[in-house]
Every structure is written in C-alpha cells, then in structure tokens.
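To start, the structure itself, in structure tokens.
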Amino acid sequence: MTLQVENLTIYYQTLRGDVHALESTSFKIEDHEIMGLAGESGCGKTTLGTSLVLLKPPMKFVGGRVNLDNEELPIQDMDKMNSFRFKKISIIPQYAMNAMNPTRKVGKMTAELVRSRNVHFKDILPVLKERLELVKLPESVLDMYPIEMSGGMKQRMVMVISTLLNPSLLIADEITSALDVASQKAVVEMLVEFRNRDCCNSAIVITHDISILYQMADSILIMYAGQLAEKASTDVIIHSPRHPYTKMLIATLPEVGVRYTEKQLTGIPGNPPLLLNPPIGCRFRERCPLAFEKCVEVPPFIEIEKNHFGACWKEFVTNA
Amino acid sequence: MKKQLYVIVALVMAASMVLTACGAAATTAAPAPATQAPAPATAAPATAAPATAAPATAAPTAAVPTNLPRNETIFVSGAAWGPASTWNPFQIGNLSNTSGIIGLVYETLFGFDPLSGQLTPWLAKSGAWTNATTYDVTLQDGLTWSDGQPLTADDVVFTYMQGKTNPAVYFTGLWTTEGLTDVKAVDATHVEFTFTNPIYQEFTNNLYNIAIVPQHLWKDKTADDLANGTNANPVGSGAYLYLATGPDRNVWQRNDKWWGIQTFGTPAPKYIVDIRTSSNNVALGMLLKGELDLSNNFLPGVASLVDNGYAQTYFPKAPYMLAANTAYLAMNLSMKPLDDPAFRKALAFAIDVPTIVKTAYANLVNPSTPGGLLPALSQYDDTAVQKSLGYSFNTATAKKMLAAAGYKTGADGFVMNKDGSKIALQVTCPNGWTDWMASIAVIASSAQAAGINVTAATPAQGDWNTALQSDTFQLTLQNNTPLTNTPWTTYNALFYHPLPTDPKALEVNGNFGRYNNQAMFDAVDALGRVQSSDTAGMKTAVSAIQKIMLTDMPVIPLWYNGAWAQWPASATAVWTNFPTAASSAPTYPITWNGYWQTGGLLTLINLKAVTPK
Amino acid sequence: MRRYFGRKLLIYVLTFILAVSIDWMIPRFMPGSPINLMMTRISMNTSSPGAAQAVQTYYTHLFGLDVPLWQQYLNFWNSLLHGNLGISTYLFPTPVSKVLSNAVPYDVALLVPSILLSWYAGNKFGAFAARSKWLDNTVSPLGYVLTATPYMWLGILLAWLFGIVWGIFPIAGAYSFLMLPNLSWPFIGSLLLHWFLPFASLFLVGFGGQAIGMRNLIIYELEADYATYLESLGAPRKLIRDYAFRNAILPQITGLALSLGVVVAGALVTEVVFSYPGIGYLLLSAIQNEDYFLIQGCFLFIIMGVLLANFIIDVAYVIIDPRTRRGMTGGTA
Amino acid sequence: MNNPKKTNEFLYFALKNKKVLLGLSIILLFLILGFIGPQVNHNKPMDYVDPLGAQGPSAQYWFGTTFFGQDVFSQFVHGLQATFLVGLIGGGIGTLVGMLVGFVAGYRGGMVDEILNALTNIVLVIPTFAVLLIIAAYLHVRSVVTESLFIGFTAWPWAARAIRAQTFSLRTRDFVDLSRMSGMKSLKIIVTDIAPNMMSYLVMTFILQFGGAILIAATLDFIGLGPTNTISLGLMMQYSVLWGALQLGTWWWFIPPGLAITIIVGGLYGMNVGLDEVFNPKLREL
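Chains as they are written, first to last, in my numbering: chain W, 1 to 320; chain G, 1001 to 1613; chain Z, 2001 to 2333; chain P, 3001 to 3286.
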C-alpha cells in the first residue's frame, strides 16, 4: 500500500479556540489508486490534503501517524518534512492560478526550484519536455511569464512542476474548479494519464464536484464536518452508498457529467455544524433523518464490506 | 540587481558632488575677471582655475588665494540678507546685499562721524560755502582709481551730472528740487557747485552718500546700464577691491595701493568676508564659536553674553548699543479717534516703553526722546519744549487726559468715541518681526490698561506694507528715520510733503499717517534751508518743528533701534581694539550699507590683529 | 508599451501646463504688489516725490505688469520657452534663471544621493526586518520613528548635537568661509563637510520610510500563494525570500516616484535649518521678500525636476519589471 | 465587514494587537494632554508671562520659557490642539475627496475613470508641497483651518488611487451585480455594498492621511507659512530656531514640539500596520 493514515487529528488555532477541522481520521490508499476526496466546503478535505504536505500554523498537529511507502512521514516537523516534499509527496494547490512567481519566467523558476532541491536541471530537462508534451503545452511556455498564460495553461504547468520528481503521492486540490468544462475534462484525463505513466504512484483528488471523480477516481472518500463518512470504489459510492449523508449527497446528483457548484451541494436541509467546539458523537446527526440515541457516540470508521468503509451506527445495527 | 544598484548609487554620488564643486566654482567664475584689475599678470591662471578641472591650476596665486589666512581675515555679518546682486553704486536700494560697494570700493566726497556730528574728509580734503549759493570742494592730492588712473574733479562732476541726465538715478532730486544748477571743475582738485535757493541740509547729506564713479569707465554707460547694470568687476578708488562673491558671502581684498593709506592709515584686515547669515541665530552661534569677528545682527541674547564676558559691545552695560534709528508709532490721522490730537497725546502717555525695552529688547535699546532725534543729533533738541510738551509712560496721566478730553468710559471699561460709538484700534507689524511683535503686544496691553481698546495684529509683510503706503492702517510701527548728519532727514521722513493729491495713491517716502499741516511743512522746509554750519539756526528751526509735533502728536517716537554690533571677547578673538565708549577716538562699528562712510572703514583701520602674522 | 509611454507623456505634459498656469496665476490674483515692496526697500529719503514715481513706473514696465492679463499669460509662456524666468526683484537686477542655476547644484548634491541611498539601504533594512517576527518587532519600530520625524526637527537635532554640543560639523553655509571656490581637494573636503549633516537628515527620514514600505510589502509577498507553493515543494526559505524581495522591489520603485514630492519638501526645510544655499533656502528668502518672479522660478524648477525624476523612474520601472517589459500591463502610473 | 458579528470580531482582534493598542494609547495620551493642559495651565501661549526669558523647566513653567518669556508648556499644549485639528480636518478631507474620486472612478469606469485617473495622476506628480507653499506665501491671513483645508485638498490623490483599485476588484463581485440588477442607484450601491466592504481600507487610509497632514502642516509652519493667528508645534520650532534656541542651548524650546509630532505620527503608523494585521488574517500574529 502507498499511504496509510491513522487517527490523524488536525486543529486550527484561532484566538477563540481550536477549530476541530480533522478528527481522528484513518484510511489507506493502495498503489496506483486515485482516491477522490469529496464533501461540502469546510468539511476538512483541504485540511487533510495540505496537512500531509505543509502543516504550519494556524494548523496544529494534535495526533495520529502517517505512513508513506512504509516510511513514517514527520508531517508535524516542518524541517524534517522537507526531504519528503516534492520528491515523495507533492501537491497541486487550489490556487494553482497564482502558484507561480509572477515575475519569473516559468522555466527559470522551475530550474531554480529544482536546483534548490539539489537536482540538476539538465538531468530533469528531458522529463520536463516530455511532460509538457503530455499536457499539450509547447516548450515555449518555459520562456513565458505566468500572466502570459491562460488559466488552463497555468493549471497544467503547475501539474507538470508538481510531478516533476515523480512523487509517490500526489495531492490534487480542486484542480478543475477554476476551469471551464472543456479544459476540466482535459485536465482530468491528463491526471489519469500521469498516473498511468507513473509520473506519480497514487493520488488524492480533492474536490466538491463528485461528477469529475466519476470520470477518474478508483475510489471515493466522503467527508463530513471533519469526520470520514464513507469510502468505497467509485461505482459503489455512486450506485449503492450506505452512509445516509452519502446517500443524500448522491441523491442530489442529477445525471452524471453535469458540473456542480458549491451552492447546489448545500441542497441538503440544515447546515454543517460549526467546528469550533463541535457536537459530540456523529456530527451529521442534526441533519440525519435516521439519527437515533446511539448517534451521540462517535461512530467508528470501519470496513462494512470488502473495501467499503463507513461510519454510521445505523449500518452497524442493521448488519449486526 | 544588487551590483547594478551599487554602481548606480556610486556613479550618481560622484557625479553630483563634482557638479556641486563646479557649480560652486561657477559662482566666482563670473565675477572672477575682477581680479584682472589689480594684477592682470597673475589673474589669468587664477580665473582659469574654475574653468579647467585639473587640481593643478587650483594652486593659490597672489591675485586669487583659495584659502584666506585666518589672522588676516575679518568675518563680518549683519549687512547682507541675500546674495549680492549688483555692484552698481547708483542702485542704493539693492546694494544692501553688497554692503561696501559704497565706502570700500567707491568712495564719497566726505565721511560722517555720528559721534561728533561732523562731516569728515574723504575724497574731499575740505568743502565750504563760498557764498549762499556756491559750494566749493577741494579734493585730496594723489587720488587714484584702482586701475591706476588718477581721480580728478572731472570724475566728481561726471558723477553729479548723472542726476541731471538720467531720471532713473536716485539723486535726480539734487537738480529738480534741491536747487543745484551747475557743477564744474575749477581745476583737477577743485569742484564748484552752483545753486539757486539750495536745501543745504539735504545737500550736506548727499555729500557723504553719493559715491564718485570713474568717468573714463562710465562715460559710455547708457541710462539703462545705470538703472539695471550690475557693474560686475567694479573699479573704484577705495581701500578694498572686489575679490569674490557667493550665495552666502562677499569677499573683499585690501587695496594695498590705496591712495588713502598715507592720509588715514592701512585697514588692518587684508580680507573682509561679509557673511550672509540665514538668520540672526546663526550669527549668534558663529560669534560664540569665534567664527565671526564683528556681528551687526540683532542678537537679543547678547546682553547676557556680554555680562558673562563672552562678547563685547560699544557700551559695557545697557543699552550696550549705539543708536541707529528711531522706532515710532505711526497713526492714521484720518480716522476717529486718531484725528484728535488730545487722544493721540493720551495714547503717547499710555504706551509702556520701559517694558518694551526690557522684554522685547532685553535692554539693548533706550527709550526715545519725545522729539524723536537720535542721540547723535541731541544737540539740536529743544529740551525746554520737550519738557513742557513731552510725554512719558504714565497710565494714570493717560486716563486723566482722556477724561479731560471728554472721552467717557463705556461698560467694557474702554473709552468710547465722543459720539458714543466703541473704539477698537489695531496696532500692527509684519508677521515674523519678532521683536516688533513683542513690542506691539506690550503697546496693546498697556493701552488697554489706560482704557484704550488696542489689539495687536501681525499681517504678512506685503499686506502690512500696502496698508502702510495706502493709508489703510490704524496704528503701526515704523523706523524710516536713519542716522544722518541732520534732523532734516528725520523730520522730512516723518512729515514728508507734498502729500499725494489722490488719497488712494501710494505714499512710499514717509509721512504714512498723512499728517497735513502746512505750518509743519514750512517748518521742515525752513530747517532744510538752514546752512549745516549754522547750529543756532538749526536749533531754532528744530524747536519750531518740535513745538508743533508735540502739540499735535502726529507720530509717537518710542525707542531707538540699536546700531547692533558685537564681537567676541578677547580670549577667542582674532581682532581687537574695537571701538567702545572707553576708546579715545571711537567710531561707529557698523558694516551695513551706508555705514562704511559713517565709521565702518575707520573701525577697520583702527583694528589690531591679536596674533599678527 | 508605446501606448503606455504615450499616456505617461500626456500626463506629464498636462501636469506641466497646469503647473505653469497655477504658477502664473497665483501671484497675480493674490494680494500684495512686489513693486511696492521693492519701492520700500529702495526707501529713498529725498525731497523729490517725482523720483519715486519715475522709478516705480520704470519697474512696473520692466516686469511687464502694465499689459492686459491674457497678454501677460502669453508673454509668460513665451519667455518661459526661451528659458527666461524674469528678473528677481529681491536680487535685482539678476535674472531668475541665473539665481537658480547657482543654487541647483547644491540641491542635486543633497537630493540625488540621499534619495538613492535611502531607497537602497531602506529596502535592504526592511527586508531584513521582515525575516522573522522577532526581528520585525525589535527592528521595525526604528523605521516608524524615523519616517515619522519631521525633516526639520531631525535637522535641528543633528545641528544641535553635532554642530553645537559636540562641534564636529559646521551648521551653516556650503563651504568654509575661509575658502574661495576652486577645484582642490581641501575645497571638496570642505564641501563634503558642510554637505554631510543636511544629507544625513534627508537620508535618515527617507531610510525609515523606505524600510517600512519594504517591510510591509515583503510581509505580504511571503504570504502570497506562490510562496506557499514553493514551500510545500520544499523550496528553501532563502529562495522564497529572494523571490519576495525581488517582487517587492517593483512597487517600491513606484513608491519612490510618489515619495519624491515629500523628499523635495524635506530638502527645502533642511536647507533652511542648515542655511544650505539650495533652492529651498532661496525659496524662503524669495517668499520673505515677496519676490514672485523668484518664487515662480523656484516652483517651476521643482516641478520640472520632479516630473523629470518621475519619468526616469517610469523608464526604470519598465526596464526592471518583466511584465511591463513584455508590454503586458502598464505598471503603475 | 458589514455584519455586526464580524465588526465585533475585528474590534476584538484590534484590542488584542499590541501595535494598535500602543498607537491608540499614544494618541489618546496627547489628545488628553492637549485638552487638559489649558485647564491646568492658564498662561496664554503668546503672553509674555515671565520678565526674564529663556528659563529652563521649573515647577512654575514645566517646559521652561521662550526667549521672550512665553510659557513653552502652554504653547505646547495649544500647539497639540492645532496639530490634532490639522490632522482631523486635513486628513479627513484628504480621505473624503480620495473616496469620492476613487469610488466614482472605480465604480463607473470608462471615460469618467479615464478623466478622474488622469486628474489623480496629475495631482500626484505635482509636488503638492510646492503648491501649498506658493498658495500660503500669497495667502496672507492664515488660520489652522484654512491650512488644513489646503492640505486636505492636495493630499487626496494616492488615497483616491488606492480606493479606485479596491473598488475595481469589488464592483465585479456577485453581491454588487445583484444590487445592480435589482436596479439600485450607483450611489446607494457604493454606500451600502462597496464602502462597507473596504471599511478596513478606508480606516487605514484616514490614519495615514491624518499623519501626513500633521507632518505637512509642521513643515509649512516651520518656514513661516503656518497659521498667522495662533501657535502650533511647527511655529514653535520655527521661533525656537529663529531666536537662537540652538545656540543659546534652550533645548526645552525645540525638543518638545518635534518629539511630540514624531511620537504621534509614529504611533499612527504603527497603529496602521497593526490594523493591517487585524484586517488581513494571514498577517495576524497569534
């Protein structure tokens, strides 16, 4: 297996107290697996993603372990973590549009970045060119300034840069949200292509737009209010979800392929709880039609079927 | 990027400094040729120095030294308040920043000693009225211009003739009103002035104010040259030569071929650096650091410095200074209640001059006599008249006089006009003239104490000036009564006539209150037509004027502004033997424009170097 | 890019025209006549009223105040374009242009080095202060204090301490009163000695301002997305700070252009404090003597200087900022 | 920032921020001094209270006396009042005009923007101090208020420019579009939607303008172009220099005014940076 996360708990420090953004989450990602990570905005999916790469204030490491290729990731240690970043674990950030230094030519910046990681640019140049071809960017972009590139170009360029050192795990955060439908599709396909060509071993694709996961993800992990709700292969999540939240979420999906905006996801009655001192037990229970007394305890996230994990007392009860 | 920046910065700094150097050099490059006059041979390389950048040429030469030896140089200040702009002795108004062009470079027929009240010989050995309308001048022997040419009677005639032929020359009045009809050279050293009904007093004044210019260099100058020409590189007959000028200094070099060395002696300083200080305080600082040898600035703090032995002044204690002019209160005589002599008289009693002397001037000045004549002219005062009609600060008396004159006190405790309307007077002086600002504050408060509602205001100088000249002021301070040989100039300024026929027309010559009294005008003219030698006649004339003046009170003389002069006490001094009340033959130690003839140059001649080279 | 410069030039031309018009207008529509003042300065104590009047009309004509306004305005432009700024009344009969040209070198010597050095050092210092919260809280306050200090007060303090209390530096004039201008090392030394304190007060205040400006910009840059991205790819702090500094420099260049007006003002009062014979010192005398030809001259000169400097900075900006160099954006005006 | 909860939050952060607190307390301190001072010290600033002048600080004259025997402390506190007045009026007008121009230009865009922007740039390049100088030089009767007015009306451009930029970024936001679609008047949109959303920006702009106005006023006063009818900190400095305070070593005459200005303006700047941290969570120190 590639990534193994155990009881990872991350809080946000604010002057008013800690925001429980990620509560003892545990899951695995297999080699070559592209795992979609979905949920309403503010459910902690981005926190999960970034905490694996760059865990710095106001983010606070509370507990848990993270193993990558059977090697522990010192995510709570900014400096130790450096040797892993980019080389073993890398990220395509949400803000890919502004991720590149506006006053540096893209090529120059890449070179300086790579060199700063003690890799000879000359050695990496062929790879770079090949990847550019892969994402259908002319080599001339290396001589461009970011403002000279379209949104799609930037998105793809960042994709290339982030995967340049063939990281074992790639975290792709909202890579499509800034793009129009056409280029969304392209980017999605390219990411899959990257995985197939071992530019990265496996990937976490964070998005609020389940429909794109349907096109690319092997598995989908649904989060709610800082807790894991359900994880299974894409088909299972789409066609036979078990967790009531997933069900409602999927129910709001019209025919696949249509894009979602955040507004629509909140089509579910009620609002997610505030994560500054959140409710005890299952955080979905106020909105859950099936909620019952047991739900005041936190439901464990356990394998309810082969490769199908969930966290709902109802499920455990019905199966018991 | 770093490197580029370093280079840029370095370059610019270097460039700008060089620029400055050249720019500074340029300021002498213009007048530098002046030095060709004294020593044509050596001048050439010297004047080339600023032009060529090679340091080699900067080597000092006899003509233009680049470093003045301190023990041969006197630093003076207080005359120049701006960069020198003209060396033309006919532009008296603009010469203040080139003080010395008359007196050091160009010379007058006579000098004047305010302490004795007598004209003293200069270019003229002697002068006398051979009859009521003819004045004869005998020139000294061996007079020469600094270019070696002889100075003869023809130059004198040429100079005085300019007033006849050029309207823009300031002494046209000689011919138009003073009655001068002809000037001719009897021989090389004798000049004869012919008059009809001369104003003797004014002519005597002209005798030591009009500078004689060299005909051989001036005969081709146009009227425009005389009015606007800067006369750069002046060639005069005087004890000093123009050496250099800068934005903050004029430098004069002693003329060792001066004709007067045998007659008067050699001026001690080889170089005079006349420093323009941005403000009096800078002069004070330099004086304390021994960087000034003679300061003619108004330094209010100097009294304490003298008492503590840091500096010296003419008198060892109050008033410390000789008097230079009379500060008086001008009143707008055309408005109520200032049109009433009784009211003006009361006001005169109400003003607390002693306090002004103490607070605004830290005892550097003396109160004026009611007649307003400077101590130098006190011999002409009619003390009897001043005792009987004069005034002195006394609030009670002022109140009595107001009551007696029928001014009733209103509810607010201030007297009202006779028609019952309120009186609210404003006394002004230009904003920023701090000693006067302090003074008018005292005037206002002391007048209020006497029940006269006076408030102080300080408009900008331009406004103040316009109000003064257009007769729209109420009460204000003035001091256009310079130190001269004759009471006539003082009273001619105070009671200037004829008044402009159009009341709106500006009056720039004096009599700002527009006092209109033919009896007074006649009295002033009468004084003007008394011969300067006729002391008795002058006294009678002055007495007549003072009678009218103190009865009518058209102006109120308040105190004597000082001939500010202070120098470091001997410990730090470079020069010594400055004139004091104790000196055997004291002189006025003043370097202001127009004072070189009244003791300035003599002071330099009497000086001694503390450490002779 | 041509369009960019076109716009710039237009702005400058408009500015210049406006400035010249203000310059011409104000003295003519404000109270107080310079001729009167000049008459009083001449204050002739003579028995002949005629003389005064003659001289008065003479000057009025000389200064071209005896023609209709519109004509005065045209004449003003005309003579301006011929480099003729009129004649100074307070330094009569010296032409204003001559008076100015004598003062200018001192301003150049004060302004150019103090502006460039304070800009350079200030930026370095600001970047240094932004390295860590600790440094920021300990070092930056110096910047705030300096930039909040009134120029003249700093000047006064320096003059008092170094000039009077310790007597290290002269506090009046541009070179020793014992010297005559010449290109020798002692003379240049004397120039530098008199130049130092005014320069220092200009430099220090400017330094504070630039340092704070840079500090704030860098703080922002370090929080920018590209910085976070580089960080999450394990790029060393040094590289990120380097980028931040380079990016912050650009707005600092425009900032420099905007600060020029203030610096000039500072130079004026500093010259007054140290009676340093530059434009500021001159301007003060001109104002005190209500010499409006000279005031106009000084004003025009300052305007032209600032406009020129602005233009130079614009060009520099275009050259240094890749984006404008690529003709992408107009940079900042 | 327009909903109360948020505003409270900012207040909360503001009062937690050391820089803001320090700046605020400095301003308050001097403000109080400026207004309590005249109550405890009844000498009029320009009165010649002490016959022998230039006396050092004493129980009777806390800050000593001027060369003419005026009470320096009295001048100081009255000067403070003038200083704050200039800051308030000058800074206020500067900000208001800046807002007006910035909002209109930024919101309207197009030709209006072109013109206003050109105007802004013109006034921006003109060294306004020089303009103030000649105006003041010829304007013979001057009060603190007139001075402030002129300062205000020459100080707006950079504010206008900054606000214009902000407005640009805001006018395309959907909540503005919404209001526009709902047929709201431009002015109303600016007042209800745009202005509140850049309140932080406006506050900071005002603070900077406030400090700037104080400095400019001091400079004008120092070269004798300040108010002709009252005292101010700048005038104090001018008089002290003119009357040889440096040479006579009467430091108590020229140190207080300059020091006060420095501390006040410095405090304002510090406060500004503090607020910046408050309004931009990214910069907040924890």
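C-beta: ideal position from N, C-alpha, C; glycine also. Model, not experiment: these values are computed from the prediction.
| query | result |
| --- | --- |
| Reduced DSSP category for residue 1462/G - H, G, I as helix; E, B as strand; rest coil | helix |
| Proximity below 7 Å, CB of residue 3164/P to CB of residue 3106/P | yes |
| Assigned exposure category for residue 2092/Z - 16 Cβ within 10 Å defines buried | buried |
| Reference residue 2209/Z, options 2104/Z, 2108/Z, 2248/Z, 2144/Z, closest by Cα | 2144/Z |
| Within-7 Å CB hit, residue 2235/Z to chain W | yes |
| Residue 322/W to residue 103/W span [Cα, whole Å] | Examination of residue 322/W is not possible in this model, given that chain W is present from 1 through 320 alone. |
| Residue 202/W - partner residues in DSSP beta bridges | 169/W |
| Residue 3120/P: first and last residue of the uninterrupted beta strand (DSSP E) it sits in | Note, residue 3120/P: premise wrong, no beta strand (DSSP E); alpha helix (DSSP H) at 3110-3125. |
| Whole-angstrom distance between residue 1207/G and residue 991/G, CA atom to CA atom | Past the edges of chain G, shown from 1001 to 1613, lies residue 991/G, and the structure says nothing about it. |
| Short Cβ contact (7 Å threshold) for residue 54/W with residue 2232/Z | yes |
| Per-residue DSSP class, three states only, for residue 1018/G | Reliability fails at residue 1018/G, whose pLDDT of 46 lies under 50, so the model's placement of it is uncertain and the value that follows must be treated cautiously. Three-state DSSP puts residue 1018/G in a helix. |
| Neighbourhood of residue 2010/Z by C-beta, 7 Å cutoff - its chain only, sequence neighbours within 5 removed | none |
| Neighbour list for residue 86/W in chain Z, Cβ cutoff strictly below 9 Å | 2232, 2233, 2234, 2235 |
| Paired residues, beta bridge with residue 28/W - DSSP | 4/W |
| Neighbour list for residue 2277/Z in chain P, Cβ cutoff strictly below 9 Å | By Cβ distance, chain P contributes nothing, its closest Cβ being about 16 Å from residue 2277/Z, past 9 Å. |
| DSSP state of residue 2213/Z mapped onto helix, strand, coil | helix |
| Given residue 1213/G as reference, the closest of 1090/G, 1273/G, 1129/G, 1194/G once Cα atoms are compared | 1090/G |
| Anticipated Cβ contact below 8 Å, residue 1314/G with residue 1321/G, distance rounded | 6 Å |
| Buried versus exposed call for residue 1498/G [16 or more other C-beta atoms within 10 Å across all chains shown] | exposed |
| Cutoff 7 Å: residue 260/W Cβ touching any chain Z Cβ | Note that residue 260/W scores a pLDDT of 47, beneath 50, so its modelled location is shaky and nothing firm can be said. |
| Straight-line gap, residue 1150/G to residue 1140/G (C-alpha atoms, nearest Å) | 11 Å |
| Spatial neighbours of residue 1405/G in its chain, beta-carbon cut-off 6 Å, leaving aside the 5 residues before and after | 1342 |
| As assigned by DSSP and simplified to three states, the class of residue 1249/G | strand |
| Residue from 174/W, 73/W, 230/W whose Cα sits closest to the Cα of residue 304/W | 230/W |
| Three or more C-beta pairs below 8 Å linking the segment 3033-3049 of chain P and the segment 3074-3082 of chain P | yes |
| 7 Å Cβ cutoff, residue 3247/P in contact with chain G | yes |
| Collapsed DSSP secondary structure at residue 184/W in the structure displayed | helix |
| Contact set for residue 1479/G: own chain, Cβ-Cβ below 8 Å, skip 5 residues either direction | 1325, 1326, 1327, 1328, 1561 |
| C-alpha distance - residue 1379/G paired with residue 1191/G, whole-angstrom precision | 31 Å |
| Minimum length 3: unbroken beta strand (DSSP E) runs contained in the segment 1469-1514 of chain G | 1475-1478 |
| Cα-Cα separation between residue 299/W and residue 2124/Z, rounded to whole angstroms | 56 Å |
| The segment 1454-1477 of chain G: positions lying closer than 7 Å to chain P by Cβ | 1458, 1459, 1460, 1462, 1463 |
| Simplified DSSP assignment, three categories, for residue 3243/P | coil |
| Under 7 Å from the C-beta of residue 3254/P: neighbouring residues of chain C | Among the chains of the structure shown, chain C does not appear; the protein chains present are W, G, Z and P. |
| Where residue 1259/G falls: helix, strand or coil (DSSP) | coil |
| Closer than 7 Å at the beta carbon, the chain W residues around residue 2251/Z | By Cβ distance, chain W contributes nothing, its closest Cβ being about 11 Å from residue 2251/Z, past 7 Å. |
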